[in-house]
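Have a look at the structure below, then the notes.
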Amino acid sequence: MKIEHLSASSTPAEVCAVLARDGAVVVDGLVPPATMDRARDELAPWLDATPLGPDDFTGRRTRRTGGLVARSTTCRELVMHPLVLDTTRGLLEGATSFQLHLTQVIAIGPGEPAQAIHRDQWAFDFFPFPRGYEVQCNTIWAMSDFTAENGATRVVPGSNRLDDGLAFKEADTVPAEMTKGSVLIYTGAVYHGGGANRSSGTRYGVNITYNRSWLRQEENQYLAVPLDVARTLPEDLLRLIGYARGAYALGYVDDLRDPIEVVRPDATATGFGDLSSAAQKALERAREASGAAR
Ligand SMILES: O=C(O)CCC(=O)C(=O)O
Ligand SMILES: [Fe+2]
Numbered sequence: 028m029k030i031e032h033l034s035a036s037s038t039p040a041e042v043c044a045v046l047a048r049d050g051a052v053v054v055d056g057l058v059p060p061a062t063m064d065r066a067r068d069e070l071a072p073w074l075d076a077t078p079l080g081p082d083d084f085t086g087r088r089t090r091r092t093g094g095l096v097a098r099s100t101t102c103r104e105l106v107m108h109p110l111v112l113d114t115t116r117g118l119l120e121g122a123t124s125f126q127l128h129l130t131q132v133i134a135i136g137p138g139e140p141a142q143a144i145h146r147d148q149w150a151f152d153f154f155p156f157p158r159g160y161e162v163q164c165n166t167i168w169a170m171s172d173f174t175a176e177n178g179a180t181r182v183v184p185g186s187n188r189l190d191d192g193l194a195f196k197e198a199d200t201v202p203a204e205m206t207k208g209s210v211l212i213y214t215g216a217v218y219h220g221g222g223a224n225r226s227s228g229t230r231y232g233v234n235i236t237y238n239r240s241w242l243r244q245e246e247n248q249y250l251a252v253p254l255d256v257a258r259t260l261p262e263d264l265l266r267l268i269g270y271a272r273g274a275y276a277l278g279y280v281d282d283l284r285d286p287i288e289v290v291r292p293d294a295t296a297t298g299f300g301d302l303s304s305a306a307q308k309a310l311e312r313a314r315e316a317s318g319a320a321r
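Read left to right, the sequence shown gives residues 28 to 321 (our numbering).
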């Protein structure tokens, strides 16, 4: 059992193929280490000010610093990385649209025990999504090298295809060891958890996740990104954080207005037309699938 590593020149289809099989993959050196150093410098004031976790799951020796779209221009580049976005689109097959789910530096301090092994999609009130229907695509970018000793994320490869509600121990898992600038991409259904940090240094990972836009976002982007900052963001990022309709009509404003019009009156409204055709295609796919099952 191991976590497959792909090169930075891999295609989204190659990444998706490993995700479908294993539920997790590392893309080595997707950005230069200097990019991660820059992100860390930009975030330094907030990293230092973040309190330790309030419970065992978040980690009592772990600091979780969010609001990364507002706080770090380099993290915006990570959020918008083309390989990650195209992989997400492929993994969340059939989704008319998807959105940013959360952004968080996870700094696991020395002495932190291993986090309980879990599925990230349990965040949705433990709803038992159908096997193979992924609702979120997750990334953890290494902002320091990830080693088995310092708390590299532990994964149960292939567990995306197993039953819900299973319990795993650390011995059932493998560490996602990777160098700074590499990224672990994993699905909502794969069992995993933060590793125990048995080293004397802190493990820094940038957790950026995306989900189908009919689900609620874990990090509230409307409040985490102040409106005056949101107004300055490029239109595609602004839509990704939530200023867009999800699926066909979710989240419209008053008279069927596109939410982006409210914060950026100059931005072109996509109109219901585009989404309407995407929703129509999704409906056809669903009809074909139910026909095939009959
Ligand atoms: O920090 C990590 O390596 C993983 C953390 C995690 O899985 C979580 O908090 O949901
Ligand atoms: Fe997790």
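Every residue, glycine too, gets a C-beta built ideally from N, C-alpha and C.
Keep in mind it's a predicted model, so treat the numbers as computed, not measured.
Cβ of residue i within 7 Å of any heavy atom in ligand 1?
i	result
G220	yes
S147	Contrary to the premise, residue 147 reads as Asp rather than Ser in this sequence. Result yes, Cβ under 7 Å from ligand 1.
P133	According to the sequence as given, residue 133 is Ile; it is not Pro. Yes, Cβ of I133 sits closer than 7 Å to a heavy atom of ligand 1.
Q142	yes
G232	yes
R130	One detail in the question is off: residue 130 reads as Thr in this sequence, not Arg. Not so, every heavy atom of ligand 1 lies at least 7 Å from the Cβ.
T77	no
A229	The sequence shown places Thr at residue 229, not Ala. T229 Cβ: outside cutoff for every heavy atom of ligand 1.
I7	Beyond the ends of the chain as shown, which are 28 and 321, falls residue 7; an answer cannot be given.
T180	yes
I235	no
I287	no
I268	no
I212	no
Grab the span of the beta strand (DSSP E) containing residue i for me, first residue to last.
i	result
Y213	V210 to T214
Y160	No beta strand (DSSP E) contains Y160, which DSSP labels as neither H nor E.
Y231	R230 to R239
G93	T89 to G93
Buried or exposed for residue i, please, with buried defined as at least 16 other CB atoms from any protein chain shown within 10 angstroms of its CB.
i	result
V256	exposed
Q307	exposed
F153	exposed
Y160	exposed
S227	exposed
G221	buried
D49	buried
D83	exposed
R103	buried
G215	buried
P202	buried
N177	buried
P184	buried
G86	buried
L242	buried
V289	exposed
S331	Absent from the model: residue 331. The displayed extent of the chain is 28 to 321, so no value can be given.
M63	buried
R312	exposed
T324	What the structure shows of the chain is the stretch from 28 to 321, and residue 324 is not part of that stretch, so it cannot be assessed.
N234	buried
R230	buried
K29	exposed
T92	buried
S124	buried
R188	exposed
Starting from residue i, trace the alpha helix (DSSP H) both ways and give me its first and last residue.
i	result
Q126	It is not in any alpha helix (DSSP H) - Q126 instead sits in the beta strand (DSSP E) that spans F125 to I135.
Y249	Q248 to A251
V289	P286 to V290
W73	P60 to A76
R103	T100 to V106
V256	L254 to A257
V183	Here V183 belongs to no alpha helix (DSSP H), and DSSP marks it neither H nor E.
V280	It is not in any alpha helix (DSSP H) - V280 carries neither H nor E in the DSSP assignment.
L267	E262 to I268
D113	P109 to L118
Problem - In chain order, each alpha helix (DSSP H) run of at least 4 residues that lies wholly inside the stretch 30-56 - result: If we require 4 residues or more, the alpha helix (DSSP H) runs fully inside the stretch 30-56 come out as 39-49.
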